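Chains A and B are the protein sequences, given in the same order. Note that my numbering numbers the first sequence so that position 116 is 149, with each residue one more than the last. Note that my numbering numbers the second sequence so that position 99 is 132, with each residue one more than the last.
There are 2 protein chains.
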Amino acid sequence: MRITQEADYALRIVYVLAGAENIMDAKSIADAVGVTERFTVKILRKLVQSGLVSSRKGASGGYGLAELPEKISMRRIVEIIDGPLEISRCLDSSYECSRTGHNKKCCTFHLVFDKINRSISDKLECVTLDSVINDSISVNEILSKI
Amino acid sequence: MRITQEADYALRIVYVLAGAENIMDAKSIADAVGVTERFTVKILRKLVQSGLVSSRKGASGGYGLAELPEKISMRRIVEIIDGPLEISRCLDSSYECSRTGHNKKCCTFHLVFDKINRSISDKLECVTLDSVINDSISVNEILSKI
DNA sequence: ATTAATGTGTACCAAAAAGGTATAGATTCG
DNA sequence: CGAATCTATACCTTTTTGGTACACATTAAT
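(1) Taking Cβ-Cβ distances shorter than 7 Å, what residues in chain A pair up with B:SER121?
(2) Is there at least one Cβ from chain B nearer than 9 Å to A:LYS156's Cβ?
(3) What is the DSSP secondary structure of B:VAL111, reduced to helix, strand or coil?
(4) What number of angstroms, rounded off, separates the C-alpha of A:ILE153 from the C-alpha of A:THR73?
(5) Measuring only the C-alpha atoms, how far is A:SER121 from B:LEU118?
(6) Short check: CB of B:LEU77 to CB of B:GLU100, under 9 Å?
(7) Hey, is A:VAL81's beta-carbon within less than 9 Å of any beta-carbon in chain B?
(8) Count the other CB atoms, across all protein chains shown, that sit within 10 Å of the CB of B:ASN54; report buried if there are 16 or more and exposed otherwise.
(9) Taking 9 Å as the threshold (beta carbon to beta carbon), is A:VAL74 in contact with chain B?
(10) Quick one: using the 10 Å Cβ neighbour count with 16 as the cut-off for buried, is B:ASN167 buried or exposed?
(11) I want to see whether chain B comes within less than 9 Å of A:ILE149, judged by CB atoms only; does it?
(12) Please determine if the stretch 58 to 71 of chain B and the stretch 104 to 112 of chain B are in contact, where contact requires at least 3 C-beta pairs separated by less than 8 Å.
(13) Would you kindly check if the distance between the Cβ of A:VAL165 and the Cβ of A:TYR48 is under 9 Å?
(14) Do A:ILE149 and A:TYR96 have their C-beta atoms closer together than 9 Å?
(15) Looking only at its chain, what residues have a beta carbon closer than 7 Å to the beta carbon of A:THR37, apart from the 5 residues adjacent to it on each side?
(16) Distance check for B:ARG71 and A:LYS156, CA to CA, integer angstroms please.
(17) Determine whether the Cβ of B:ARG45 lies closer than 9 Å to any Cβ atom of chain A.
(18) In angstroms, rounded to a whole number, what distance separates the CA positions of B:SER88 and A:HIS143?
(19) Taking B:PRO158 as the reference, which of B:ASP125, B:LYS104 and B:GLY67 has the closest Cα?
(20) Run down chain A in chain order and give the residues with a C-beta less than 7 Å from the C-beta of B:LEU118.
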């Protein structure tokens with residue numbers, strides 16, 4: 034029940050980019066976050082492909098946010114790296130959970146999982162990058178309202 | 034961001050035990066849940082060691098719930114199998130997150146992770162076994178109130 | 001045009017975690 | 001006693017995670 038290390042780094046990368054005035058090259062981002070350049074680059078590629086981060090190739094190129102911090106949720110960043118949020122395999126659409134079969138008793142949990150999942154997902158959606166930047170107390174307020 | 038398959042099975046095992054009139058042997062539980070007996074036994078041992086399930090050895094022995102379904106939360110079952118709920122390594126007490134070091138900027142996320150974690154944990158704590166048994170709508174109500 | 005600085009794409013690899021199995025032993029009922 | 005049942009430890013295989021390597025494409029500056 035944990036986001037991957039890669040997703041954790043991605044959050045920090047996006048945070049660093051949000052605080053930067055100009056575009057930053059991979060090396061600078063890596064240094065700021067404290068991860069190797071190679072691995073940073075791998076994460077950055079996923080962020081670029083998703084449209085969250087923009088890149089400029091060539092000499093004096095680099096990376097910058099493609100969207101405003103208030104539009105970027107933690108859920109989005111985590112899902113770009115880790116894929117859809119699913120607290121149980123049972124929620125995976127490509128997995129034939131016993132709900133569709135004989136043993137109905139076994140999937141009493143399907144609905145429960147779904148509700149909890151939605152609830153967690155909503156929470157992560159509400160925490161945007163700018164709320165993290167501005168102050169942590171606002172995160173507190175936001176979460177208490179869900 | 035997923036509970037393990039083992040924790041998923043544990044939930045179903047506890048659910049089956051809650052619905053049983055008498056104690057059940059490992060084989061019967063395994064059949065009811067649809068998991069191999071060996072693996073079921075492995076999970077049952079953890080549940081017994083935690084005090085959630087009681088066991089009787091010897092011929093005509095078996096397993097039963099040691100507590101009332103209304104006292105058993107999903108969080109508890111999941112934590113027995115998967116360990117403490119931590120959405121990021123950063124929250125692990127044995128991990129030296131950069132909050133305790135130089136690069137203060139890097140752990141802006143510590144507080145945020147902590148809040149979200151608490152919030153998820155509270156949700157799983159509120160969903161008790163009996164609320165799952167009685168009807169799924171009650172789960173809906175409970176979750177909407179958190 | 002050339003070259004150095006930078007991002008891109010694909011493939012690969014090692015360590016850790018998850019998922020599951022095997023075997024030997026201890027306990028209790030009948 | 002002996003069959004049924006739980007207990008304990010160790011082991012194994014597959015998948016996921018975390019990370020690296022290398023060849024290539026693009027651009028800015030000269």
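Backbone N, C-alpha and C fix where the C-beta goes; we use that ideal spot for every residue, glycine too. Quantities reported herein were computed from a predicted structural model and do not represent experimental measurements.
The relevant details are as follows:
(1) ARG35, ILE36 and ASP41
(2) yes
(3) helix
(4) 27 Å
(5) 14 Å
(6) no
(7) no
(8) Checking the sequence, you will find Glu at residue 54 of chain B rather than Asn. Flag for B:GLU54 reads exposed.
(9) no
(10) exposed
(11) yes
(12) no
(13) yes
(14) no
(15) ILE114 and ASP115
(16) 38 Å
(17) yes
(18) 28 Å
(19) Reading the sequence as shown, one finds Glu at residue 158 of chain B and not Pro. Closest by alpha carbon: B:LYS104.
(20) MET34
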